[in-house]
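Reading through the structure tokens given below for one structure.
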Amino acid sequence: MSAPAEHGISTSDLCLWYGAFQALKRVDLEVKHGLITALIGPSGCGKTTLLRCFNRVNERYGSVTTTGLIRIRGKNVYDADVSLIELRRRVGMVFQRPNPLPLSVYENVVFGLRIHAEKRPPKSVLDEAVEKALTEVGLWKDLRDRLQAKATGLQLEQQQKLCIARLLPLKPEVILMDEPCSALDVEGTRAIEELMFALKGKYTILIVTHNMAQARRASDECAFMLLGELIEHTRTENLFLNPSNPKTAEYIEGRYG
Amino acid sequence: MSLPRSPERPAGRGRLAVLFEQAIELLIRLCGISAIVFVFGIFFFVFREGAPYLAQLDLGAFLFSSDWYPSNDPAHYGAGALLLGTLSVTLLAMLMAVPFGLGAAVFVSEFSAPRTREVLKIVIELLAAVPSVVWGFIGMSVLGPLIKDVFQVPLGVNMFNAALLLALMSVPIIVSIGEDALKAVPDSYREAALALGATRWQTVFRMLFPAAKNGLLAAVLLGVGRAIGETMAVLMATGHSARIPTSLFDPVQTLTATIAAELGEARQGSEHYQVLFLIGVLLFTLTFAVNLTADLVVKGIRRK
Ligand SMILES: Nc1ncnc2c1ncn2[C@@H]1O[C@H](COP(=O)(O)OP(=O)(O)OP(=O)(O)O)[C@@H](O)[C@H]1O
Ligand SMILES: [Mg+2]
């Protein structure tokens, strides 16, 4: 299954500073389209920071400086003709804590469509999008009669699935997931992983995880970061069976974490 | 609810400590209850002063007649114009204060840089600290002549003047409570909206307002309460004349200003005196209704 992979995300010489603190050091990363890539590394090594570069939400904080190149599907995200809004439509993000908007289930799913539409989308379009997106994440059966219920009142697992569902109507190319299962129990984790498998192929999926077992069973490729640097990036079974860098070996053996 | 207490006390705590704890508990309980007692007490005493007149009160005339001639013989006590005065000035004030106040709250909480925010908050708090008699003075001596010139009206002290003052007085409340409400919206919601590609304005209108609506409603209603209850500034700036207004620039007279202006002259226990207390009851009912609606609306939203 290793046909020449399409371009997903690539960075070259990416550095990022929070004020004077350098959180990313010369990261060169190639994430392939259509695969699930896991990003692992000890706490504070910059996984979240790296992920947040790709849809440029890091720029919310005033003191952030970024240098280097970031390409999403071949296009430099810092090009002058890139609209931040369009970039974020193409690059969806799932957060560590499920954060559905404090609106109804229905409004959560169509939120993206509403804000990106030139003029008010007709109700039939929205209805269809809701059914399609919820079906895709496996929530339709449970929620079809509760579309007007408040999303923040759902179970955590449903909330996280909803957070994935609300990306889909926007037809993103990349889905970034920052420890999407850390707030979920075993069942919820399994459900999200199955969902990732179902979505695989159509999207570039990049998932940050602390859970070594999860990285192992759910990803095609795996990247290991340490103290802001990318140490190793290869096929998942390679990384776990014969890591080329001794630091990687120590980490996956659980010497530090 | 009291949990079953274990019979033995932790070592080192004598009977005195236990007694002390019980005393504190009692004190706190009393503080809680006292709020209720005060509210009912105030209502009771105001009502008691006005009650003797109830026997001869024609409720329809009291509420809807605009003949307020307390010193005629026979006197007429139609508070309709006063009620309308209060309602119209308050409504007009809110039409100005709510958009402005909520807009300022959004700016302070979402758009301003930390430095600007601090400065703005201090200025807004200063605005809240201006005594109402000073506002009245500004209304009479600054706004009045200005309104006269700009709008070419014969009288500068009128409904519009007072409403403008009331708006300025309730804006600080709306801003500070509103800002608190917006601040209370978790940042993760903002990130969610931004990461979906929302602009800052879309985030405000589509996410923030729905998320903070209870708090924003509370802010608005507290502003309304401030405006209804305000006395001194409206006494000075409304023109204080008990007529049904037909334009924004007609003088009006409010319930509060009537009490303030006439209670001193009314002989204690006289009809006029009793009617003024009934007006107090009317005011009380009005603010109570505003607060109750607020509570019910907020609860209703929450249940959904
Ligand atoms: N907004 C910020 N301002 C300043 N420093 C920050 C900020 N966010 C993160 N950092 C620092 O940058 C480094 C990388 O943080 P980051 O959150 O990317 O790590 P992480 O790998 O996601 O960690 P975790 O596994 O705990 O989520 C940390 O040392 C952190 O303290
Ligand atoms: Mg993180």
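If you read the protein sequences in the order shown, they are chains A and B.
Each residue of the first sequence is one higher than the last, beginning at 1 in the numbering used here.
Each residue of the second sequence is one higher than the last, beginning at 1 in the numbering used here.
In this text, a Cβ means the ideal position worked out from N, Cα and C, and glycines have one as well.
Quick caveat: nothing in here was measured; it's all calculated off a predicted structure.
Query                                                                                                                                                                : Result
For L3 (chain B), does the three-state DSSP call read helix, strand or coil?                                                                                         : Because the pLDDT of L3 (chain B) is 49, which lies under 50, any placement of that residue in the model is unreliable, and the question is left without a value.
For A181 (chain B) and P74 (chain B), what's the separation of their Cα atoms in angstroms?                                                                          : 53 Å
Would you verify that the beta carbon of E110 (chain B) is, or is not, closer than 9 Å to some beta carbon of chain A?                                               : no
Would you list, in chain order, the members of the region 182–205 of chain B that have their beta-carbon closer than 7 Å to a beta-carbon of chain A?                : S188, Y189, E191, A192, A193, L194, A195, L196, G197, A198, T199 and Q202
Are E86 (chain A) and G197 (chain B) close, meaning C-beta to C-beta below 9 Å?                                                                                      : yes
Starting from the beta carbon of N55 (chain A), find every residue of chain B whose beta carbon is closer than 7 Å, and list them in chain order.                    : A195
So does V27 (chain A) have its beta carbon nearer than 8 Å to some heavy atom of ligand 2?                                                                           : no
Under the three-state reduction of DSSP, which class applies to Y203 (chain A): helix, strand or coil?                                                               : strand
How far does the alpha helix (DSSP H) with A128 (chain B) in it extend, from its first residue to its last?                                                          : P114 to A129
What residues in the region 88–108 of chain A have a beta carbon less than 8 Å from any beta carbon of chain B?                                                      : R88, R89, G92, M93, F95, R97, N99, P100, L101, P102 and L103
Indicate whether at least one CB of chain A lies closer than 9 Å to the CB of A211 (chain B).                                                                        : yes
Quick one, are the C-beta atoms of A233 (chain B) and S132 (chain B) less than 9 Å apart?                                                                            : yes
For E221 (chain A), write down the residues that DSSP places opposite it in a beta bridge.                                                                           : A:T37 and A:R235
Run through the DSSP bridge pairs and tell me what T11 (chain A) is partnered with.                                                                                  : A:L29 and A:I70
Should Y251 (chain A) be listed as close to ligand 1, given that the test is whether its C-beta is under 8 Å from any heavy atom?                                    : no
Taking CB distances under 9 Å as the criterion, tell me whether V297 (chain B) reaches chain A.                                                                      : no
So the candidates are B:G223, B:G156 and B:A195; which of them puts its Cα closest to the Cα of L166 (chain B)?                                                      : B:G223
List in chain order: all unbroken beta strand (DSSP E) runs of 3+ residues lying wholly within the region 86–174 of chain A.                                         : 91–94
Determine contact between the region 168–186 of chain B and the region 249–269 of chain B, defined as no fewer than three beta-carbon pairs at a distance below 8 Å. : no
Under the three-state reduction of DSSP, which class applies to G156 (chain B): helix, strand or coil?                                                               : coil
Rounding to the nearest angstrom, what Cα-Cα distance links R243 (chain B) and I228 (chain B) in this structure?                                                     : 18 Å
Would a C-beta distance cut-off of 9 Å place N58 (chain A) and L14 (chain A) closer than the cut-off?                                                                : no
For A289 (chain B), would you say it is in contact with chain A, using Cβ-to-Cβ distances shorter than 9 Å as the test?                                              : no
What's the gap between the Cα of L278 (chain B) and the Cα of V39 (chain B)?                                                                                         : 17 Å
With DSSP run on the structure shown, which of helix, strand or coil describes E179 (chain A)?                                                                       : coil
Is T48 (chain A) near ligand 2, judged by its Cβ being under 8 Å from some heavy atom?                                                                               : yes
Please name the residue or residues paired with E229 (chain A) in a DSSP beta bridge.                                                                                : A:L226
Go through its chain and collect everything with a Cβ distance to L230 (chain A)'s Cβ below 8 Å, but skip five positions before and after it.                        : V27, D28, L29, A223 and F224
Leaving out five residues before and five after M96 (chain B) in sequence, what residues of the same chain have Cβ atoms less than 8 Å from its Cβ?                  : A163, L164 and A167
Whose Cβ in chain A lies nearer than 7 Å to the Cβ of M207 (chain B)?                                                                                                : L101
Could you tell me whether any non-hydrogen atom of ligand 2 is closer than 8 Å to the CB of Q96 (chain A)?                                                           : yes
Following a CB-centred definition, is Y18 (chain A) positioned closer than 8 Å to any heavy atom of ligand 1?                                                        : yes
I need the straight-line Cα distance from V134 (chain B) to T199 (chain B), nearest angstrom please.                                                                 : 42 Å
Is L69 (chain A) buried or exposed, if buried means 16 or more other CB atoms sit within 10 Å of its CB?                                                             : exposed
Please state whether the Cβ-Cβ distance between A192 (chain B) and L101 (chain A) is less than 9 Å.                                                                  : yes
Near L239 (chain A), which residues of its chain fall below 6 Å by C-beta distance, leaving aside the five closest residues on each side in sequence?                : C222
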